[in-house]
Amino acid sequence: MDLSKIPIFVLCGGMGTRLREETEFRPKPMVTIGKHPILWHILQSYSRFGFKKFVLCLGYKSEMIKSYFYNFFSLNSDCTINLMNNKTIIHESIDPIDWEITMAYTGEKSMTGSRIAQAAKKYIGESEHFGVTYGDGLTDVNLADEFHFHLGHRKIGTILGVNPPSRFGELEVEGNQVVSFREKPDFEDEWINGGYFFFRKEFLSYLSEEESCVLEKAPLFNLAKDGQLMVYKHRGFWACMDTQRDRDALVKMVEEGNTPWLTKK
14 MDLSKIPIFV
24 LCGGMGTRLR
34 EETEFRPKPM
44 VTIGKHPILW
54 HILQSYSRFG
64 FKKFVLCLGY
74 KSEMIKSYFY
84 NFFSLNSDCT
94 INLMNNKTII
104 HESIDPIDWE
114 ITMAYTGEKS
124 MTGSRIAQAA
134 KKYIGESEHF
144 GVTYGDGLTD
154 VNLADEFHFH
164 LGHRKIGTIL
174 GVNPPSRFGE
184 LEVEGNQVVS
194 FREKPDFEDE
204 WINGGYFFFR
214 KEFLSYLSEE
224 ESCVLEKAPL
234 FNLAKDGQLM
244 VYKHRGFWAC
254 MDTQRDRDAL
264 VKMVEEGNTP
274 WLTKK
């Protein structure tokens, strides 16, 4: 299967209130890690495995993400501007990119499930599968391997399971099948929601375009209850930029040249 044709929906619309030092002025996916926003790092981590088609689900300060991609080549390349006639010559790109970016406005207040439902209704096209991720998480997982695992088990959904020393969405797992999903539970278990998903098109029936539809609540809960959610277990690098401390740690990694999410194994 041609991975470049699989649409990846990236949740870019939230307000990122726990990173308020940065998100007061820009949407969370545009917070920089080194010289690039974290969104650039996320898309690069997909594209190194062959995924090239991205649908950005926009909301809060959407104009900043649109402006970034409208001006992507001038921001990431050498250029010459003639101020007499306003003509711009883009020279060889410093970071050659062959992505297809669709920017879909999905509302200021929409929850995660609603954003996916809205954007997929218009932009999933003929694809029988699609990916989903958040605009604030990085991992060195082989995403092509996760996708082929997804194809192989023939269930509707696949979730990346990671096990760092913190709690997010918790998975109750039997073998490779998710039997229960709970977002931010009050107790610890081994595997948590790593935020990199693949779904068959049928998953859209679990979602709603209503603003209140939260991916991590009824849709994933019901998918697990129906025996249709599998876990791809990953014990390697994973990080979520949830706070300023998280961002500082990632910036330090980039400054030290330690970027496992950009290195194809």
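Residue numbers (my numbering): 14 to 278.
The beta-carbon is built from N, C-alpha and C at its ideal position, and this holds for glycine as well.
The model shown is predicted, which means the values in this text are computed figures rather than measured ones.
About 18 Å separates the CB atoms of Gly208 and Ser123; that is not less than 8 Å, and the two are not in contact. Taking 9 Å as the cut-off, the Cβ atoms of Ile46 and Val264 count as close. Three or more beta-carbon pairs separated by less than 8 Å are not found between the segment 219-228 and the segment 251-266, which leaves the two stretches without contact. Relative to Asp91, the option among Phe211, Asp259, Glu105, Leu69 whose CA is nearest is Glu105.
Nearest C-alpha to Ile172 among Arg258, Gln241, Pro42: Gln241. Within 10 angstroms of the beta-carbon of Ile102 lie fewer than 16 other beta-carbons, which makes it exposed. The beta carbons of Phe64 and Ile19 sit about 6 Å from each other, so the pair counts as a contact at 8 Å. For Gly207, the enclosing beta strand (DSSP E) begins and ends at 205-213. Here Tyr118 carries a strand assignment [DSSP, helix/strand/coil].
Rounded to whole angstroms, Val154 and Ile94 show a C-alpha spacing of 41 Å. Positions of the beta strand (DSSP E) runs, each at least 3 residues long and wholly inside the segment 218-274, are given as 242-246, 251-253 in order along the chain. DSSP, read as helix, strand or coil, puts Gly138 in coil. DSSP places Tyr147 in the strand class (E or B) of the three-state scheme. One alpha carbon belongs to Leu156, the other to Tyr59, and they sit about 7 Å apart. Under the DSSP assignment, Phe86 falls outside any beta strand (DSSP E), being part of the alpha helix (DSSP H) whose first and last residues are 85-88. The beta carbons of Glu183 and Arg195 sit closer together than 9 Å. The alpha-carbon of Leu96 is positioned some 27 Å away from that of His49. Below 8 Å, too few C-beta pairs join the segment 267-278 and the segment 232-247 to call them touching: fewer than three. At a Cβ-Cβ threshold of 9 Å, Tyr245 and Ala231 do not count as neighbours. With a 10 Å radius around the Cβ and a threshold of 16 neighbouring Cβ atoms, Leu228 comes out buried. Pairing Phe62 with Val145 gives a Cβ-Cβ distance that is not under 9 Å.
The DSSP-derived three-state label of Ser123 is coil. Residue pairing by DSSP puts Ile103 in a beta bridge opposite Cys92.
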